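Visitor: Listed in order, the protein sequences are those of chains A and B. If you read the first sequence in our numbering, its first letter stands for residue -1, the second for the next number, and so on. If you read the second sequence in our numbering, its first letter stands for residue -1, the second for the next number, and so on. Got a structure here, written out as structure tokens. Questions coming.
2 protein chains.
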Amino acid sequence: MMNARRVTSQDVADAAGVSRTTVSLVLNKVQGAKIREETRQRVIAAARELGYVPDAAARALVSRRAQIIGLVLTRRPDQVTSDGFLTQLLDGLLGVIKQSGLRLLIEIVDPEHQKEAYLELIRAKHIDGVILSGPRYDDDALRTLEEEAFPVVLLGQLPDTNHYSVDINNRVASRIAVEHLLGLGHKEIACITNADLSYTAATERLIGYQEALEAAGLSLNDELVGYGDFSPESGYAAMMELLGRDVRFTAAFIASDEVALGAQAAIRECGLRVPDDIALVGFDDLPLSRYMDPPLTTISVPAVQLARQASTLLIKLLKGEKFYERHVVLKSPLHVRESCGAKLSN
Amino acid sequence: MMNARRVTSQDVADAAGVSRTTVSLVLNKVQGAKIREETRQRVIAAARELGYVPDAAARALVSRRAQIIGLVLTRRPDQVTSDGFLTQLLDGLLGVIKQSGLRLLIEIVDPEHQKEAYLELIRAKHIDGVILSGPRYDDDALRTLEEEAFPVVLLGQLPDTNHYSVDINNRVASRIAVEHLLGLGHKEIACITNADLSYTAATERLIGYQEALEAAGLSLNDELVGYGDFSPESGYAAMMELLGRDVRFTAAFIASDEVALGAQAAIRECGLRVPDDIALVGFDDLPLSRYMDPPLTTISVPAVQLARQASTLLIKLLKGEKFYERHVVLKSPLHVRESCGAKLSN
DNA sequence: ACGCGTTACTAACACGTGTTAGTAGTATAG
DNA sequence: CTATACTACTAACACGTGTTAGTAACGCGT
């Protein structure tokens, strides 16, 4: 039915009355090549006329560049459903990558069953470089990649490796969040993690919480810790469980705004008020957070910036520019709104 | 430093003491091929031993299949930042696509400057098929693709074309949403669109709103219509503007939950209450909507299902199975919560 | 007339795979 | 004993491009 046979560079060459080599030289604007201006125009005209677009596969095969960057997420698909952080990353990544004429391929890897599945993606040279968001301690593939010197940039960090990374300081940010609550007079502060502790960020944030309490001379209580799983549902469930336990707390640090959204609803449904009964501090500063009721006090993670820097860095690596700052750390200040009960000055 | 030279099928052939053809036949499990079991095992062992992974580009070149599906979004990157619908799509798409051994490439196209940029993606055979989310009336590239019989599945609909599509009935859903408000006694109902009217879904939803009013014998008032732009910010701004105008309304239909989130905050900041002063009905039923305060009454769009069906359909098209139902329409019932002020029976 | 350098190209190889056509070797039928 | 059929492979081409090495044509100095 269709099949108007592909237009190849040979067709362009024939139309312009030159060789295929010349077509390639002209269209790729090769520097050293001496081509008469008149010929050049003739080739360009012929290419436009025929609607010639170079074949990506052929080009990738010979140039050994797929012109594709992979975004690897070690999650189950359903953990992506309500991920407000991911969309911010996409904003940043797509903007930068597009500008460089590259494409973004998104690969999701089930952390339980096939942690290392993305290695095949790389071996097949489907992608030129990887941005990995949310590294996990148990990701052995990442260590393998380090040996192979494959271009990788982490959005997050993985101890014991020397991968390029762009991140915030999760531990310090959490400390600041919790210290803010301590400063408001709270002594019993619960915590709900953003994800399970295989994720380095989740562990770091929990440690930050613990450090803040210890520094204030308070003892840790496992009963005050709940576990989230990226989603509002998990926050709802975790908060419900905390409220059902035999512990009292007047504040909670929730290491993800998405999770905090559910937790806040749970508090509300139990007839309690934020911040009067329970003060809340979140983490991420998603676009939605300022529209919550009350607006959520949270750690402001510059997600779009992180993604921009990570992709910019990766693109430089692909161009062969080495020896950059290996670990970029962006600022993540506390954004005080109303959920923590602090008096806003202005 | 690195460069352990790629392992090719020739290397496997040498190691196994057979020809490259045999390697190909074995590893691709070609049906008609007669291969002795012992040889087969030898090849498989050699391949595993050497860590052989076929080169994606070479394979794509010869097989004319990139094994990649493109997800095209006609938006600016910053319009993706807080798109809770997109993450649901990714959930559905990634699940299905992964299972079929394909990959997902995500392409974002600025609707103002380069509407048709994704045509190049297709011409270059970078992708085998396209899922296009949120078609626009002014998308001429889509009409071109129809002539070329390139595999396309729309998440949404585009009049005057016969592309495969998976969608809900936006117009009817909106009518139902607005009729619900009418049934609660509201006579002055505002509307905020989910996006500008170039998007077919935005227009359809607005028409549904208008049809409901007209069917109830009410007159339309342009002053009661505001325009959103995917984001909570836009909903906040639009609602603020509506509240500042010289019109009264006791309810609002907001054609996107994401936008409704901002609108609800605006209402709150003006000292008004939902649903007592202004009843609210949204559209999408994002995961976050049930956690809003009050929980949002909204049209329940089965986003994950839409994505699953769209990708399943596209994959079938790629396999050459034609003649399927061209336009799949899924149900999108009203999900009554509290923001509309209806008494909940249960 | 000859060598030499420059200009404006082109022939031919390489990239790594899938696949078609073919070929020795052995079993089976007449 | 010969013709046929089948088994278990392999040689060689094709996919469409980037690039290296090379070549005619021409001007120029001696």
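Virtual Cβ for every residue (Gly too), placed ideally from N, Cα, C. Owing to the predicted nature of the structure, the values given are computational and were not obtained by experimental measurement.
Just the chain B side, please: which residues come within less than 7 Å of A55 of chain A by C-beta, in chain order?
Guide: A55, A58, L59, A64 and K123
Visitor: Q86 of chain A versus chain B: which residues are under 9 Å apart at the beta carbon?
Guide: Among the residues of chain B, those whose CB is under 9 Å from the CB of Q86 of chain A are V78, T79 and S80, following chain order.
Visitor: In the DSSP assignment, find the unbroken beta strand (DSSP E) run with G280 of chain A in it and report its ends.
Guide: A277 to D282
Visitor: Between P149 of chain B and L316 of chain B, how many whole angstroms is the CB-CB distance? I'm expecting something under 8 Å.
Guide: 6 Å
Visitor: Which residue comes first and which comes last in the beta strand (DSSP E) that contains I33 of chain A?
Guide: For I33 of chain A, there is no enclosing beta strand (DSSP E), as DSSP marks it with neither H nor E.
Visitor: Scan the segment 40 to 55 of chain B for residues whose Cβ lies nearer than 8 Å to a Cβ of chain A and list them as they occur along the chain.
Guide: G49, V51, P52, D53, A54 and A55
Visitor: Buried or exposed for L140 of chain A, please, with buried defined as at least 16 other CB atoms from any protein chain shown within 10 angstroms of its CB.
Guide: buried
Visitor: Say whether chain B places a C-beta atom closer than 8 Å to the C-beta of A263 of chain A.
Guide: yes
Visitor: Return no unless some Cβ of chain A is closer than 8 Å to the Cβ of S352 of chain B.
Guide: Residue numbering for chain B in the displayed model covers -1 to 344; residue 352 of chain B lies beyond these limits and cannot be assessed.
Visitor: Taking G93 of chain A as the query, report the chain B residues whose CB atoms sit under 7 Å from its CB, ordered along the chain.
Guide: P75
Visitor: For V151 of chain A and N192 of chain A, what's the separation of their Cα atoms in angstroms?
Guide: 22 Å
Visitor: Are the Cβ atoms of A236 of chain B and L87 of chain B separated by less than 8 Å?
Guide: no
Visitor: For L103 of chain A, which residues in chain B fall below 8 Å Cβ to Cβ?
Guide: I66, R101, L102, L103 and I104
Visitor: For K123 of chain B, is the classification buried or exposed, using 16 other Cβ atoms within 10 angstroms of its Cβ as the cut-off for buried?
Guide: buried
Visitor: Which two residues bound the contiguous alpha helix (DSSP H) that contains L286 of chain B?
Guide: Where L286 of chain B is concerned, there is no enclosing alpha helix (DSSP H), given that its DSSP letter is neither H nor E.
Visitor: Using a 10 Å radius around the Cβ and a threshold of 16 neighbouring Cβ atoms, would you call V128 of chain B buried or exposed?
Guide: buried
Visitor: Does chain B have any CB closer than 8 Å to the CB of R335 of chain A?
Guide: R335 of chain A does not count as touching chain B.
Visitor: What first and last residue would you give for the beta strand (DSSP E) that runs through S131 of chain A?
Guide: G127 to S131 is the span of the beta strand (DSSP E), which, as asked, contains S131 of chain A.
Visitor: Just the Cα atoms here: how many angstroms apart are T85 of chain B and L84 of chain A?
Guide: 8 Å
Visitor: Return helix, strand or coil for E267 of chain B, following the three-state DSSP convention.
Guide: Helix at E267 of chain B.
Visitor: Assign A43 of chain B to buried or exposed, taking buried as 16 or more other Cβ atoms, counted over all protein chains shown, within 10 Å of its Cβ.
Guide: By the neighbour-count rule (16 or more Cβ atoms within 10 Å), A43 of chain B is not buried but exposed.
Visitor: Below 9 Å between beta carbons is the criterion; list the residues of the segment 229 to 247 of chain B that meet it against any residue of chain A, in chain order.
Guide: S229, P230, E231, G233 and Y234
Visitor: Taking DSSP as the reference, what is the three-state secondary structure of G206 of chain A?
Guide: helix
Visitor: Pair every Cβ in the segment 238 to 257 of chain B with every Cβ in the segment 175 to 191 of chain B, then say whether three or more of these pairs are closer than 8 Å.
Guide: yes
Visitor: Considering only DSSP beta bridges, list what G68 of chain B is partnered with.
Guide: B:L103 and B:V128
Visitor: Taking the alpha helix (DSSP H) that Y234 of chain A belongs to, which residues open and close that run?
Guide: Note, Y234 of chain A: alpha helix (DSSP H), P230 to G242.
Visitor: Please decide whether E118 of chain A counts as near chain B, where near means a Cβ-Cβ distance under 8 Å.
Guide: Flagged as an interface residue toward chain B: E118 of chain A, by a C-beta distance shorter than 8 Å.
Visitor: Run down chain A in chain order and give the residues with a C-beta less than 8 Å from the C-beta of L259 of chain B.
Guide: L286 and Y289
Visitor: Just the Cα atoms here: how many angstroms apart are P273 of chain A and A171 of chain B?
Guide: Between the alpha carbons of P273 of chain A and A171 of chain B lies a gap of roughly 37 Å.
Visitor: For chain B, is any of its Cβ atoms less than 8 Å away from the one on D89 of chain A?
Guide: Chain B contact via Cβ: present.
Visitor: So which residues of chain A does K96 of chain B contact, with C-beta pairs closer than 7 Å?
Guide: I106
Visitor: Taking the alpha-carbon positions, what's the R38 of chain B to E118 of chain B distance?
Guide: 41 Å
Visitor: Taking only the alpha-carbon atoms, compute the straight-line gap between I190 of chain A and G242 of chain A and give it to the nearest angstrom.
Guide: 14 Å
Visitor: With 8 Å as the threshold, decide whether the Cβ of R266 of chain B is near any Cβ in chain A.
Guide: yes
Visitor: List the residues of chain A whose Cβ lies closer than 7 Å to the Cβ of V223 of chain B, in chain order.
Guide: Neighbours of V223 of chain B on chain A: none; closest Cβ ~22 Å, over 7 Å.
Visitor: Are any of the Cβ atoms in chain A nearer than 8 Å to that of V164 of chain B?
Guide: no
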